[in-house]
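S.K.: Have a look at this one.
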Amino acid sequence: MKAIISDIHSNLEALQAVLADIEKQNITEIYCLGDIIGYGPNPRECIDLAMKCNLVILGNHDQGAVFDPDGFNPPAERAIFWTRAQLETSGEDHSKREKRWEFLAERPRTFAEDGYLFVHGSARNPLNEYVFPEDIYNQRKMDRIFALIDKYCFQGHTHVPGVFMESLQDDTYIFQSPEEIDSVHKLDEHKTMINVGSVGQPRDSNWRACYVVLDGNQVKFRRVEYDIDKTVQKIHDIPDLDNFLGDRLRDGR
125 MKAIISDIHS NLEALQAVLA DIEKQNITEI YCLGDIIGYG PNPRECIDLA
175 MKCNLVILGN HDQGAVFDPD GFNPPAERAI FWTRAQLETS GEDHSKREKR
225 WEFLAERPRT FAEDGYLFVH GSARNPLNEY VFPEDIYNQR KMDRIFALID
275 KYCFQGHTHV PGVFMESLQD DTYIFQSPEE IDSVHKLDEH KTMINVGSVG
325 QPRDSNWRAC YVVLDGNQVK FRRVEYDIDK TVQKIHDIPD LDNFLGDRLR
375 DGR
């Protein structure tokens, strides 16, 4: 049994709440699908906790901090530059800063084992491609992505949790939100993509942190409450982080 988390985005309160929830279930194996940092107020602390995960995939915000942000909107870009400054100029010793930089720089873009593929974005473009629920109507896009999947793919990036599957009736695709499946999906012979949602910045109109538990062939979506007011206030107190980066947490968008 393993927990799969993604898109923490420097939200320490959400990450701590999720890790506590994972611990209560006696789960010791944790996979993280990237974007540890970006947007939020606690990049250093979140990286330190992520280092304890069994697997951490590179996310586009992680790459943006290590190298250069590419294609980011202005608020996201400002947040990345502020994040980079926090990682470069903290009052901690040099070795601790170097350890964080090396950790981010060494993250793989993909990881595969036993028919499972783990990416941040998609099987086609592991770092940057978004796969939204409405993409089920883009036959060409979905065909090309699913062709690269052996059995099952776990991903994040959109911050919208749910299950993508090949239709049982024809060559089309279906998407099911956690609410539509009572938060449980059983993997079968059909190729499937699971978006695990976001720990630190959900965008499915639900503010609670989201992640999944993989137990055999069962995938369970879990939602966890956290001290959102504390996170929002931290963001408001940092001039380089736009207030809306905190305000939108309350709306889950």
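125 is the number of the first residue of the sequence shown in the working numbering; add one for each residue after it.
Note that CB positions come from ideal geometry on N, CA and C, so glycine has one too.
#1: Just the Cα atoms here: how many angstroms apart are Ala174 and Tyr261?
#2: Looking only at C-alpha atoms, which of Ile269, Arg264, Met317, Cys277 sits nearest to Met289?
#3: Does the region 191–206 touch the region 146–157, meaning 3 or more C-beta pairs lie closer than 8 angstroms?
#4: Would you kindly check if the distance between the Cβ of Asp186 and the Cβ of Arg231 is under 8 angstroms?
#5: How close, in whole Å, do the beta carbons of Pro167 and Ser134 come, if the pair is a contact with beta carbons under 8 angstroms?
#6: For the structure I just gave you, are there three or more beta carbon pairs, one from the region 278–288 and one from the region 244–257, closer than 8 angstroms?
#7: At the level of alpha carbons, what is the spacing between Leu292 and Glu253?
#8: Helix, strand or coil: which one does DSSP assign to Ile128?
#9: What's the C-alpha gap between Asn184 and Thr282?
#10: For Leu157, does the three-state DSSP call read helix, strand or coil?
#11: Apart from the five residues just before and just after Ser246, which ones in its own chain have a Cβ nearer than 7 angstroms to its Cβ?
#12: Between the C-alpha atoms of Arg327 and Val284, what's the straight-line distance to the nearest angstrom?
#13: Identify every run of the beta strand (DSSP E) within the region 179–243, keeping only runs that are complete inside it and at least 3 residues long; order them along the chain.
#14: What do you reckon, are the CB atoms on Asp351 and Glu169 nearer than 8 angstroms?
#15: Please list the terminal residues of the continuous alpha helix (DSSP H) segment that includes Gly370.
#16: Taking DSSP's pairing of strands, which residues face Cys334 in a bridge?
#17: Under 8 angstroms, with one C-beta from each stretch per pair, do the region 140–153 and the region 209–229 reach the 3-pair mark?
#18: Which value, in whole angstroms, describes the spacing of the CA atoms of Arg347 and Arg332?
#19: For the alpha helix (DSSP H) that Gln325 lies in, which residues bound it at each end?
#20: Please name the residue in Gly239, Asn178, Lys265 whose C-alpha comes closest to that of Lys275.
#21: To the nearest angstrom, how far is the alpha carbon of Asn341 from that of Thr207?
#22: What are the start and end residues of the beta strand (DSSP E) that includes Cys277?
#23: Rounded to the nearest angstrom, what separates Cys177 and Ile146 at their Cα positions?
#24: Can you tell me the Cα-Cα spacing of Lys126 and Val323, whole angstroms?
#25: Just the C-alpha distance for Val308 and Ile128, rounded to the nearest angstrom, thanks.
M.R.: In this structure, then:
#1: In the sequence shown, residue 174 corresponds to position 50, counting from 1. In the sequence shown, residue 261 corresponds to position 137, counting from 1. Going by the C-alpha atoms only, they are around 35 angstroms apart.
#2: By one-based count along the sequence shown, residue 289 stands at place 165. For the residues Ile269, Arg264, Met317, Cys277, the minimum Cα distance to Met289 belongs to Met317.
#3: no
#4: Looking up residue 231 in the sequence shown gives position 107. Looking up residue 186 in the sequence shown gives position 62. Against a cut-off of 8 angstroms, the Cβ pair of Asp186 and Arg231 comes out as a contact.
#5: Translated into the one-based positions of the sequence shown, residue 167 becomes position 43. Translated into the one-based positions of the sequence shown, residue 134 becomes position 10. That belief holds up - the Cβ atoms of Pro167 and Ser134 are roughly 4 angstroms apart, short of 8 angstroms.
#6: yes
#7: Translated into positions along the sequence shown, residue 292 becomes position 168. Translated into positions along the sequence shown, residue 253 becomes position 129. Roughly 26 angstroms separates the two Cα atoms.
#8: Numbered from 1 along the sequence shown, position 4 holds the residue referred to as residue 128. In this structure, Ile128 counts as strand in the three-state DSSP scheme.
#9: If you number the sequence shown from 1, residue 184 lands on position 60. If you number the sequence shown from 1, residue 282 lands on position 158. So the alpha carbons of these two residues sit roughly 12 angstroms apart.
#10: Taking the sequence shown and counting its residues from 1, one reaches residue 157 at position 33. Three-state DSSP puts Leu157 in coil, outside helix and strand.
#11: By 1-based counting over the sequence shown, the position of residue 246 is 122. The residues are Glu253, Val255, Ile269, Gln279.
#12: Here residue 327 is taken as the residue at index 203 of the sequence shown, counted from 1. Here residue 284 is taken as the residue at index 160 of the sequence shown, counted from 1. Near 6 angstroms, if we compare the C-alpha coordinates of Val284 and Arg327.
#13: 234–237, 240–243
#14: The sequence position of residue 351 within the sequence shown is 227, counting from 1. The sequence position of residue 169 within the sequence shown is 45, counting from 1. The answer is no: Cβ separation not under 8 angstroms.
#15: To locate residue 370, count along the sequence shown from 1; it is residue 246. Residues 368–375.
#16: Position 210 of the sequence shown holds residue 334. Note: Cys334 sits in a beta bridge opposite Arg347.
#17: no
#18: As a working mapping, residue 347 is identified with position 223 in the sequence shown. As a working mapping, residue 332 is identified with position 208 in the sequence shown. Roughly 6 angstroms separates the two Cα atoms.
#19: As a position in the sequence shown, residue 325 is number 201, starting the count at 1. Counting along the chain, Gln325 falls outside any alpha helix (DSSP H), and DSSP gives it neither H nor E.
#20: For the purposes of this step, residue 275 is identified with residue 151 of the sequence shown, where counting begins at 1. The option with the nearest alpha carbon to Lys275 is Gly239.
#21: Counting from 1 along the sequence shown, the entry for residue 341 is found at position 217. Counting from 1 along the sequence shown, the entry for residue 207 is found at position 83. Answer to the nearest angstrom: the Cα atoms are 38 angstroms apart.
#22: Numbered from 1 along the sequence shown, position 153 holds the residue referred to as residue 277. First-last of the beta strand (DSSP E) with Cys277: 276–279.
#23: By one-based count along the sequence shown, residue 177 stands at place 53. By one-based count along the sequence shown, residue 146 stands at place 22. Rounded to the nearest angstrom, the two C-alpha atoms are 12 angstroms apart.
#24: Here residue 126 refers to the residue found at position 2 of the sequence shown. Here residue 323 refers to the residue found at position 199 of the sequence shown. The alpha-carbon atoms of Lys126 and Val323 are separated by roughly 16 angstroms.
#25: Translated into the one-based positions of the sequence shown, residue 308 becomes position 184. Translated into the one-based positions of the sequence shown, residue 128 becomes position 4. Rounded to whole angstroms, Val308 to Ile128 spans 14 angstroms at the Cα level.
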